[in-house]
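Encoded as structure tokens, the structure appears first; notes follow it.
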Amino acid sequence: GDQVEQSPSALSLHEGTGSALRCNFTTTMRAVQWFRKNSRGSLINLFYLASGTKENGRLKSAFDSKERYSTLHIRDAQLEDSGTYFCAALYGSSGNKLIFGIGTLLSVKP
Amino acid sequence: AQTIHQWPVAEIKAVGSPLSLGCTIKGKSSPNLYWYWQATGGTLQQLFYSITVGQVESVVQLNLSASRPKDDQFILSTEKLLLSHSGFYLCAWSLRAVEQYFGPGTRLTVL
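Sequence lines, in order, name chains C and F.
Residue numbering for the first sequence follows this note's numbering, beginning at -5 and increasing consecutively.
Residue numbering for the second sequence follows this note's numbering, beginning at 772 and increasing consecutively.
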């Protein structure tokens, strides 16, 4: 079936450094969303991309539907960036189906 | 003002008892609505979506049902809860099947 493979499952960074999260898709997806889980367990929207790249502060995301992957880059990581990040891919003829990755637990250390 | 409300915030229910979870959207005309569920330690899964009043599509079968009685309301229910229904339930909305926005969630514990 359609799957979203998110990696890494856990990531540890020192303050001021950066890294990337990646999601690979087993089939062509219409768009991708990136979220961060809040303290209560709900989701904060970070990015929505149907193609190309978007940047917001220290976060940058890219989506290549043809090559079936998306990335989320974090630069100059801060302690408050710690948390769980999810990608989710939009698929299906109606565009209403969203399938999630397993999440990446990011820990930023001093 | 918050666009999406879910109720209750949390619920503890007995196995075999009925369940009704609600979701209300404010200030959006004819939104697409969605129900998601995450078991503890599991991946968030889409359960249902609705494009319009009275129409609901099932994505994953979990012995649950959904209804959309009004344009701004989405209900998730079952007649008999199972232990496996425990978890975190999220409602979401979008306009024209583009970016989805999530509600605060309901935590359900089935004992």
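Beta carbons are placed, not taken as given, at the ideal position from N, Cα and C, and that holds for glycine.
Here the structure is a predicted model, which is why all the values come from computation and not from measurement.
Residue-level contact check: L879/F does not touch chain C, since none of the beta carbons of chain C fall below 9 Å from its beta carbon. In this chain, the beta strand (DSSP E) harbouring P840/F covers S836 to K841. At a Cβ-Cβ threshold of 9 Å, P2/C and T98/C count as neighbours.
If you look at E828/F, you'll find it in the beta strand (DSSP E) that goes Q826 to S829. S76/C carries a coil assignment under DSSP once its states are collapsed to helix, strand and coil.
Shown here, L854/F sits in a helix according to DSSP, grouped into three states.
Taking one beta carbon from each stretch, the stretch 2 to 21 of chain C and the stretch 77 to 91 of chain C have 3 or more pairs nearer than 8 Å; the two touch. If the five residues before and after G787/F are omitted, its C-beta is found closer than 8 Å to the C-beta atoms of K851 and L852, all from its own chain and listed in chain order. Bounds of the beta strand (DSSP E) holding K103/C are T98 to K103. With respect to chain F, the C-beta atom of L37/C has a partner C-beta closer than 9 Å.
Residue range Q816 to T823 is occupied by the beta strand (DSSP E) that includes Q816/F.
In the three-state reduction of the DSSP assignment, S6/C falls in the strand class. The DSSP-derived three-state label of Q832/F is coil. For the C-beta of Y860/F, not a single chain C residue is nearer than 8 Å; the gap to the nearest is close to 10 Å. For T877/F, the uninterrupted beta strand (DSSP E) run begins and ends at T877 to V881, by DSSP.
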